[in-house]
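Beneath this line is the structure, given in structure tokens, with notes to follow.
Residue numbers (full-length UniProt numbering): 1 to 106.
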């Protein structure tokens, strides 16, 4: 399962109403650190299969969701479970650190 692009209009359906935990990546095309973690998130989405969903929200195209979540800098990562934020972190990190964060959160 690869990542899914989420918009302001689809955020509730794709993230808050998901049957599985969702890792949400708030990013932008111009963001260097966002591009660094993008491939790691793609790989993790595939590795976890259907156990989690990885959603990407482009903050330039979807400013309402980013503002509602209080995103001030990117990349900003949130884990949702049962419609609620259970963990969040900011900044780029290596794949192993992201996997550890996901594992301890879900």
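We put the CB at the ideal spot given by N, CA and C, even for glycine.
Since the model is a prediction, treat every value here as computed from it, not as a measurement.
Pair within 9 Å by beta-carbon distance, residue 99 and residue 47:
Judged by beta-carbon spacing, residue 47 lies within the 9 Å limit of residue 99, meaning their Cβ atoms are closer than that value.
Given a cut-off of 9 Å on the beta-carbon distance, is the pair residue 21 and residue 53 in contact?
yes
In whole angstroms, what is the alpha-carbon distance linking residue 9 and residue 61?
So the two alpha carbons sit approximately 11 Å from each other.
Taking the DSSP output, what are the residues bridged to residue 87?
Answer by DSSP bridge pairing, in chain order: 79.
Consult DSSP for residue 60 and reduce its assignment to one of helix, strand or coil.
coil
Would the segment 90-104 and the segment 33-51 be scored as touching if the rule is three or more Cβ pairs under 8 Å?
The segment 90-104 makes contact with the segment 33-51; the number of CB pairs closer than 8 Å reaches 3 or more.
Hey, would you say the C-beta of residue 70 is under 8 Å away from at least one heavy atom of the ligand MN?
The ligand content of the structure shown is nil, which means the ligand MN is not present either.
Closest by CA to residue 125, which one among 30, 77, 40, 101?
In this structure the chain extends from 1 to 106, so residue 125 is not present and cannot be described.
Using 10 angstroms around the beta-carbon of residue 79, count the other beta-carbons present and answer buried if the total reaches 16, otherwise exposed.
buried
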